[in-house]
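Colleague: Heads up, the sequence shown is in this note's numbering, so the first residue is 155 and it goes up one at a time. Glycine included, every Cβ here is placed at the ideal spot set by N, Cα and C. As the structure is a prediction and not an experimental result, all values here were calculated from the model. Sharing a structure below in structure tokens format, with a few things to ask.
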Amino acid sequence: MMISFTLRQLEYFLAVADTGSTVAASLAANVSQPAISKAIRDLEECWGETLFLRLHSRGLILTTAGERRAILARSLIKKASILNYTDGKITLNGQIKIGLLSTLSPLYAPYIIKKLQEYFPNCIISFTEGDIHALESGITQGQLDAAVLYDTPSTSKAKRLPVMELTPYLLLPDNHPLLKSAHTEISLHDVANEPYILMDLPHSVEYFLSIFYNNDIQPRITYRSGSIETVRSLVAHGLGYSILTTSPRAAQCYTGKVVVEIPLRNIRPQKLSLLLPDNEETGLLGLTIKNAILNNY
Numbered sequence: 155m156m157i158s159f160t161l162r163q164l165e166y167f168l169a170v171a172d173t174g175s176t177v178a179a180s181l182a183a184n185v186s187q188p189a190i191s192k193a194i195r196d197l198e199e200c201w202g203e204t205l206f207l208r209l210h211s212r213g214l215i216l217t218t219a220g221e222r223r224a225i226l227a228r229s230l231i232k233k234a235s236i237l238n239y240t241d242g243k244i245t246l247n248g249q250i251k252i253g254l255l256s257t258l259s260p261l262y263a264p265y266i267i268k269k270l271q272e273y274f275p276n277c278i279i280s281f282t283e284g285d286i287h288a289l290e291s292g293i294t295q296g297q298l299d300a301a302v303l304y305d306t307p308s309t310s311k312a313k314r315l316p317v318m319e320l321t322p323y324l325l326l327p328d329n330h331p332l333l334k335s336a337h338t339e340i341s342l343h344d345v346a347n348e349p350y351i352l353m354d355l356p357h358s359v360e361y362f363l364s365i366f367y368n369n370d371i372q373p374r375i376t377y378r379s380g381s382i383e384t385v386r387s388l389v390a391h392g393l394g395y396s397i398l399t400t401s402p403r404a405a406q407c408y409t410g411k412v413v414v415e416i417p418l419r420n421i422r423p424q425k426l427s428l429l430l431p432d433n434e435e436t437g438l439l440g441l442t443i444k445n446a447i448l449n450n451y
């Protein structure tokens with residue numbers, strides 16, 4: 155089958171999709187506006203679809219067909235760049251945008267960015283933080299090239315690359331009485347009647363509460379927070395205990411107080427995954443991110 159469009163046309167198409175105007179796209183692509191307009195017309199004729207709605211108040215907006223084509227075009231442009239693979243480097247130009255769950259970002263974002271800069275030196279590496287729903291949406295809408303998050307039930311058709319399993323742990327202040335007792339092993343039942351500080355993020359809530367329910371425990375939820383450092387600080391000051399899976403490198407909190415992590419045994423681990431677009435193969439990008447995480451765990 156003869157291919158009747160060019161990668162250059164796809165680049166111009168994506169420039170318009172990203173900027174919302176042929177004028178801005180021409181500046182971004184460093185070509186004339188007529189060249190941009192012609193590329194769009196040629197692609198619409200080639201595919202028999204209208205790619206943009208032309209609204210005076212909002213500029214050029216992708217149609218549903220245009221959104222689908224944009225996702226495929228981004229994937230094709232990235233795959234075509236593999237042909238320029240030399241000396242362990244990808245000479246791809248453009249942007250790679252990574253999404254990370256907000257609780258994982260402080261731990262892994264620096265390592266991922268540095269590794270991507272090493273393998274994709276000509277790319278602009280950017281990242282965004284969000285909850286699981288926002289990251290999944292970013293992948294399916296073609297706004298993200300990859301996302302690092304926990305593995306949860308989802309209707310998303312995006313591909314998942316398993317990374318590792320994280321064991322949940324009990325978080326206590328360093329002066330908690332149980333730490334000074336003769337207990338050889340501290341269990342969730344030992345703190346069941348104490349105030350519980352819940353890590354309150356979409357999907358995370360269900361996971362943490364399931365730990366209690368599976369052990370026939372009704373937690374005394376006293377405080378909630380979507381910030382892992384706020385949870386740690388509250389625990390450090392003796393306001394309750396918590397359960398987490400993400401483990402910061404330092405035991406000291408922002409306030410200078412110290413917390414202690416006690417591994418919980420026989421508890422279902424939380425799986426960490428890398429989410430990739432459905433039309434994206436598990437190639438160099440996915441493996442680079444996975445290795446950046448595993449090498450710094």
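Suppose only complete runs of 4+ residues qualify. What are the alpha helix (DSSP H) ranges in the region 274 to 333, listed by chain order?
Modeller: For the region 274 to 333, whole alpha helix (DSSP H) runs of length 4 or above, ordered along the chain, are 286 to 294.
Colleague: For the region 320 to 327 against the region 390 to 399, are there 3 or more C-beta pairs whose distance is under 8 Å?
Modeller: Contact holds: three or more Cβ-Cβ distances are below 8 Å.
Colleague: Helix, strand or coil for S158, going by three-state DSSP, please let me know.
Modeller: Walking along the sequence shown from the start, residue 158 turns up at place 4. S158 falls in the coil class under three-state DSSP.
Colleague: Any idea if G292 is buried or exposed, counting beta-carbon neighbours within 10 angstroms, 16 or more meaning buried?
Modeller: Here residue 292 refers to the residue found at position 138 when the sequence shown is read from its first residue. Buried, because 16 or more other Cβ atoms sit within 10 Å of the Cβ of G292.
Colleague: Are T282 and K251 close, meaning C-beta to C-beta below 8 Å?
Modeller: To locate residue 282, count along the sequence shown from 1; it is residue 128. To locate residue 251, count along the sequence shown from 1; it is residue 97. For T282 and K251, yes; Cβs fall inside 8 Å.
Colleague: Quick one: complete beta strand (DSSP E) runs, 3+ long, within the region 193 to 269?
Modeller: If we require 3 residues or more, the beta strand (DSSP E) runs fully inside the region 193 to 269 come out as 206 to 209, 213 to 216, 248 to 255.
Colleague: Could you give the distance in angstroms between the alpha-carbon of A439 and the alpha-carbon of I278?
Modeller: As a first step, residue 439 must be located in the sequence shown, where it is residue number 285. As a first step, residue 278 must be located in the sequence shown, where it is residue number 124. Note that residue 439 is Leu in the sequence shown, not Ala. Roughly 14 Å between the two C-alpha positions.
Colleague: Just to confirm the assignment: which complete beta strand (DSSP E) runs, minimum length 3, are found wholly within the region 333 to 358?
Modeller: The region 333 to 358 contains these whole beta strand (DSSP E) runs: 349 to 353.
Colleague: I need the boundaries of the alpha helix (DSSP H) containing K444, first residue and last residue.
Modeller: Position 290 of the sequence shown, counted from the start, is the residue given in the question as residue 444. Run containing K444: 438 to 448, per the alpha helix (DSSP H) assignment.
Colleague: Can you tell me which of the three DSSP states V412 falls into?
Modeller: Residue numbering aside, residue 412 sits at position 258 when the sequence shown is read from its first letter. If DSSP states are grouped into helix, strand and coil, V412 belongs with the strands.
Colleague: Between which two residues does the alpha helix (DSSP H) harbouring S396 extend?
Modeller: Looking up residue 396 in the sequence shown gives position 242. Not the alpha helix (DSSP H): S396 falls in the beta strand (DSSP E), residues 396 to 398.
Colleague: Indicate whether I506 and A300 have their beta-carbon atoms separated by less than 8 Å.
Modeller: In the structure as shown, the chain starts at 155 and stops at 451, and residue 506 therefore has no counterpart that could be examined.
Colleague: Can you check the region 163 to 192 for any alpha helix (DSSP H) of at least 4 residues that lies completely inside it and give the ranges in chain order?
Modeller: DSSP runs (the alpha helix (DSSP H)) wholly in the region 163 to 192: 176 to 183.
Colleague: Give the straight-line distance between the Cα atoms of T245 and T204, rounded to the nearest whole angstrom.
Modeller: Counted from its first residue, the sequence shown places residue 245 at position 91. Counted from its first residue, the sequence shown places residue 204 at position 50. Because T245 carries a pLDDT of 49, less than 50, the predicted location of this residue cannot be relied on, and no value is offered for it.
Colleague: Rounded C-beta distance between L320 and P423? I'm assuming under 8 Å.
Modeller: To locate residue 320, count along the sequence shown from 1; it is residue 166. To locate residue 423, count along the sequence shown from 1; it is residue 269. Confirmed, about 6 Å.
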